[in-house]
Amino acid sequence: MTTPDPNRVILFDTTLRDGEQSPGIALNKSEKLEIAHQLARLGVDVIEAGFPISSPGDFEAVQAIAREVRGPVIAGLARAQAPDIARAGEALRDAERPRIHTFISTSDIHIEHQMRNTRADVIEGTKAAVAHARSLVDDVEFSPMDATRADVEFTGQVIQLAIDEGATTINVPDTVGYATPDEYAEFLRGLYDAAPGLKDVVLSVHCHNDLGLAVANSLAGVQAGARQIECAVNGIGERAGNAAIEEIIMLLETRKDRLGLTTGAVTTEIARTSRLVSRLTGYVVQPNKAIIGRNAFSHESGIHQDGVLKDRSTFEIMDPAAVGIEDANQLVLGKHSGRAALKDALEKLGYRLDGQGLRQAFDKFKEIADRKKQVSAMDLEALVTDELRVDDPLAALRLVNVSVEVPADSRPPHAAVVVDVPERGEVSGSFSGDGAIDAVFRAIDAAVGIDARLREYHVDAVTEGQDALANVSVVVELGAPGAAVSSALPGVTGGDRVTGSGQGVDPDTIRASAIAYLRAVGVAARRLAVAGSALAEDEVQATP
Ligand code: KIV
Ligand code: ZN
Numbered sequence: 045m046t047t048p049d050p051n052r053v054i055l056f057d058t059t060l061r062d063g064e065q066s067p068g069i070a071l072n073k074s075e076k077l078e079i080a081h082q083l084a085r086l087g088v089d090v091i092e093a094g095f096p097i098s099s100p101g102d103f104e105a106v107q108a109i110a111r112e113v114r115g116p117v118i119a120g121l122a123r124a125q126a127p128d129i130a131r132a133g134e135a136l137r138d139a140e141r142p143r144i145h146t147f148i149s150t151s152d153i154h155i156e157h158q159m160r161n162t163r164a165d166v167i168e169g170t171k172a173a174v175a176h177a178r179s180l181v182d183d184v185e186f187s188p189m190d191a192t193r194a195d196v197e198f199t200g201q202v203i204q205l206a207i208d209e210g211a212t213t214i215n216v217p218d219t220v221g222y223a224t225p226d227e228y229a230e231f232l233r234g235l236y237d238a239a240p241g242l243k244d245v246v247l248s249v250h251c252h253n254d255l256g257l258a259v260a261n262s263l264a265g266v267q268a269g270a271r272q273i274e275c276a277v278n279g280i281g282e283r284a285g286n287a288a289i290e291e292i293i294m295l296l297e298t299r300k301d302r303l304g305l306t307t308g309a310v311t312t313e314i315a316r317t318s319r320l321v322s323r324l325t326g327y328v329v330q331p332n333k334a335i336i337g338r339n340a341f342s343h344e345s346g347i348h349q350d351g352v353l354k355d356r357s358t359f360e361i362m363d364p365a366a367v368g369i370e371d372a373n374q375l376v377l378g379k380h381s382g383r384a385a386l387k388d389a390l391e392k393l394g395y396r397l398d399g400q401g402l403r404q405a406f407d408k409f410k411e412i413a414d415r416k417k418q419v420s421a422m423d424l425e426a427l428v429t430d431e432l433r434v435d436d437p438l439a440a441l442r443l444v445n446v447s448v449e450v451p452a453d454s455r456p457p458h459a460a461v462v463v464d465v466p467e468r469g470e471v472s473g474s475f476s477g478d479g480a481i482d483a484v485f486r487a488i489d490a491a492v493g494i495d496a497r498l499r500e501y502h503v504d505a506v507t508e509g510q511d512a513l514a515n516v517s518v519v520v521e522l523g524a525p526g527a528a529v530s531s532a533l534p535g536v537t538g539g540d541r542v543t544g545s546g547q548g549v550d551p552d553t554i555r556a557s558a559i560a561y562l563r564a565v566g567v568a569a570r571r572l573a574v575a576g577s578a579l580a581e582d583e584v585q586a587t588p
C-alpha cells in the first residue's frame with residue numbers, strides 16, 4: 045500500500061499479533077473480531093490480524109477478520125518458510141486487501157544462536173519467501189528481524205533482494221528495543237545507501253519498548269523517511285511492548301506544526317479503543333499513561349487547576365474530547381429504558397447485538413440499572429465487552445453462585461462457590477481464606493480441582509461514584525511446579541507453566557472477582573491445552 049501524499053504516515057496496528065504475544069493474553073475469535081472492527085473505526089490502515097500457522101485458533105481468527113472487516117489492509121504474519129506463507133495466504137484468501145508479512149533475522153546473533161544457519165541461508169530464504177508470498181498476494185511486507193543489531197550492509201543486501209522479488213513494504217524492526225533514536229535513524233539512512241530500491245517502496249518502523257524508547261525511535265524513523273509505523277493499542281506486545289498507537293497518533297496530530305505528517309486516524313475513537321483492548325486482554329492501563337491513562341488530563345496542583353479553569357491552554361496541550369474522553373462519560377440510558385433503547389444506544393457506541401447477545405446484555409443492563417441511578421456510555425461499553433466473552437468451551441467456566449461470610453470475630457472469611465464446568469456440569473467448593481477474595485479464589489480452585497497461582501489482581505471502577513460497576517482484572521498461573529492441574533479441565537494435561545488473564549464486570553466486586561478469576565483460569569487452561577499439541581509447541585518456540 046502506498047499513499048499519494050508523501051507526508052501521510054501509514055498506521056500498521058499489530059495489537060492482534062505482537063500485542064497478543066504479551067504474557068497472559070489469549071483472545072478468542074469473537075474478541076479479536078471485535079477489536080479488529082474497532083481498529084477499523086479508529087482508522088488504522090493495516091491490521092496485522094495474527095500469525096496463522098501458530099495455532100488453529102489464530103488461523104481462524106485471521107480468516108474471520110479477513111472475511112468480515114472492510115477498509116484496512118489485513119495482514120498475516122509468516123516466517124520465511126513455505127508452510128507459513130501458504131497458511132497465511134489461505135487465511136487471507138477472502139480479504140478485500142490481503143498482505144503477507146514475512147520475516148527472517150539478519151543479525152549474526154540470531155543467525156548463529158537462534159536459527160543456527162548461515163547468512164547464505166538467510167539470502168536464499170528471503171528470496172524464496174518473498175517470491176512465494178508475491179505469487180499469492182500483491183501486497184508483501186518483508187522484515188529483517190533484529191535488524192538494529194545486524195550488519196547494515198548485510199541487512200541492506202537482504203532488503204534489496206526482497207525488493208527485487210516484489211516486496212512492497214520493508215519493515216525494520218528494533219526487535220529487542222535496543223536502539224537509541226539517533227542510532228536508529230542512522231541505521232535507516234545506511235539502509236537507503238545499501239539498498240537503492242528502498243526509496244521506491246514503503247519503509248516501515250517497528251520498535252519495542254524495552255528501554256522506553258519505542259515511540260521516540262518510531263518518530264526518529266519517520267523523520268529519517270519511513271512512512272509506516274507499526275504499533276499496538278496501549279503499547280502492548282512482547283516484553284515491554286510495542287510503540288503505543290495512541291501516542292503515535294496524538295504525537296503526529298498535536299505536533300503537525302513541527303513534523304508536517306498526518307495519519308488517517310479518527311482520534312475521537314482512541315479512548316474507546318484503549319478501553320476495549322484493556323478489558324478484553326485484562327491488561328490494565330497505568331493511571332499516568334500518556335493520552336489514555338486515567339490521569340492523562342487531570343490536574344492535581346492548585347496552580348494547574350486554577351490555570352485550566354481560566355484557560356485550558358495554560359496546562360493542556362490536547363483537548364480530552366479529541367481523544368474521545370468526554371464523550372464516553374455521557375449518560376445514555378435510564379432505569380426504565382427498554383430493549384430497543386438499549387439496542388439503539390449500543391449501536392451509537394458501535395456495537396451490533398441481536399438475539400441471544402442482546403437478551404443477555406439487556407438482562408445485565410436491568411440488573412445494573414436497578415442498582416445504579418445512571419447508566420453511562422462507559423457502563424454500557426463495559427457490559428457489552430463483558431458479554432462478548434463467549435469463549436470457546438475450554439475457557440467457558442461459568443460462575444453459577446458465590447457467597448462469602450465474613451465473621452465479626454477473628455475467624456477467617458468463608459466462601460462457597462458453584463461453577464459450571466464444560467463436560468462436567470456444576471461443581472461446588474468452599475474455603476476459609478485470609479481475606480474474602482482469597483477465600484473465593486481458593487473455593488474456585490477446590491471446586492474446579494486446580495491449584496492456580498494468583499499473579500495479579502486489580503479492581504477498578506468503570507465510572508465515578510459509589511454505585512460504580514467494578515471492573516476486576518486477574519492474572520493467574522497454571523501448571524507451575526508443584527501446582528496441580530487437574531484433568532477436570534477438558535483437554536488439559538499440565539506440564540508447562542502458562543499464565544492467563546481475565547476480567548469481570550459486575551456491580552458486586554466479589555462476583556466480578558470470581559468471574560475474572562474463572563476467565564483467567566479458562567484462558568490459562570486453553571493455553572495449556574494448545575501448548576500440549578505438537579504443532580503449537582513447535583510454533584510457540586518460533587514465535588518472534
Ligand atoms: O519485533 C519483531 O522483530 C517482530 C517482527 C516479526 C516484525 O515482531
Ligand atoms: Zn515485534
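Note that our numbering has the sequence shown beginning at 45, numbered continuously upward.
The beta-carbon is built from N, C-alpha and C at its ideal position, and this holds for glycine as well.
Between the segment 184-201 and the segment 227-242, the count of C-beta pairs closer than 8 Å reaches three or more; the two stretches touch.
Judged by their CB atoms, Phe359 and Val367 are not nearer to each other than the 8 Å cut-off. Of all alpha-carbon atoms in Val484, Ile207, Ser517, Ser357, the one lying nearest the alpha-carbon of Arg499 is that of Ser517.
For Gln107, the CB contacts under 6 Å within the same chain, skipping 5 residues up- and downstream, are Ala135 in chain order. Proximity to Gly394 across Ala105, Ile292, Ile79 peaks at Ile79, based on C-alpha coordinates.
The Cβ atoms of Leu305 and Val53 lie closer than 8 Å to each other. In the three-state reduction of the DSSP assignment, Asn215 falls in the strand class. The C-beta distance from Leu377 to Ala385 rounds to 6 Å, short enough to meet the 8 Å contact threshold. Lys73 has its alpha-carbon roughly 12 Å from the corresponding atom of Ala110. Boundaries of the alpha helix (DSSP H) harbouring Ser179: 163-180, taken from the DSSP string. Distances between the C-beta of Ser187 and the heavy atoms of the ligand KIV include at least one below 7 Å. Taking the CA atoms as reference points, Ala211 sits about 31 Å from Ala70. Taking Val329 as reference, the option from Gln418, Ala505, His250, Leu121 with the minimal CA-CA separation is Ala505.
Within the segment 466-523, the complete beta strand (DSSP E) segments of 3 residues or longer fall at 469-476, 497-505, 514-522, listed in chain order. Rounded to whole angstroms, Pro50 and Val246 show a C-alpha spacing of 11 Å.
The residue among Arg143, Ser545, Gly256, Ala573 with its C-alpha nearest the C-alpha of Arg563 is Ser545. One alpha carbon belongs to Leu324, the other to Lys76, and they sit about 9 Å apart. Listed in chain order, the alpha helix (DSSP H) elements of length 4 or more contained wholly in the segment 234-272 are 258-267.
In terms of Cβ geometry, Thr543 and Glu521 form a close pair [threshold 8 Å]. Annotation: Gly285 to Asp190 spans about 15 Å, alpha carbon to alpha carbon. Of the candidates Ile369, Asp363, Arg541, Val181, Val181 places its Cα closest to the Cα of Arg141. The DSSP assignment places complete alpha helix (DSSP H) segments of no fewer than 4 residues inside the segment 308-357 at 314-325, 346-354, in order along the chain.
Closest by C-alpha distance to Val216, out of Asp244, Leu205, Glu185, is Glu185. Within 7 Å of the C-beta of Pro127 there is not a single heavy atom belonging to the ligand ZN. Secondary structure at Glu209: coil, using DSSP grouped into helix, strand and coil. Pro142: member of the beta strand (DSSP E) spanning 142-149, first to last residue.
By the neighbour-count criterion, in which 16 or more other beta carbons inside 10 Å mark a residue as buried, Asp62 falls on the buried side. Between Ala175 and Phe147, the C-beta spacing is not below 8 Å. Counting along the chain, Arg442 sits inside the beta strand (DSSP E) bounded by residues 442-449. Contact check for Ala119 against Arg143 passes: the beta carbons are separated by less than 8 Å. According to DSSP, Phe186 shares a beta bridge with Thr146, Ile214. Per the Cβ contact rule, the segment 486-497 is in contact with the segment 456-470 (3 or more Cβ pairs under 8 Å).
Annotated three-state conformation of Arg123 is strand, per DSSP. Sorting Ala172, Leu263, Ala421, Lys379 by C-alpha distance to the C-alpha of Asp414 places Lys379 at the top. In this structure Ala483 does not touch Pro451 by the C-beta definition: roughly 11 Å separates them, more than the 8 Å allowed. Boundaries around Ser74 are those of the alpha helix (DSSP H), 73-86, since no beta strand (DSSP E) includes it.
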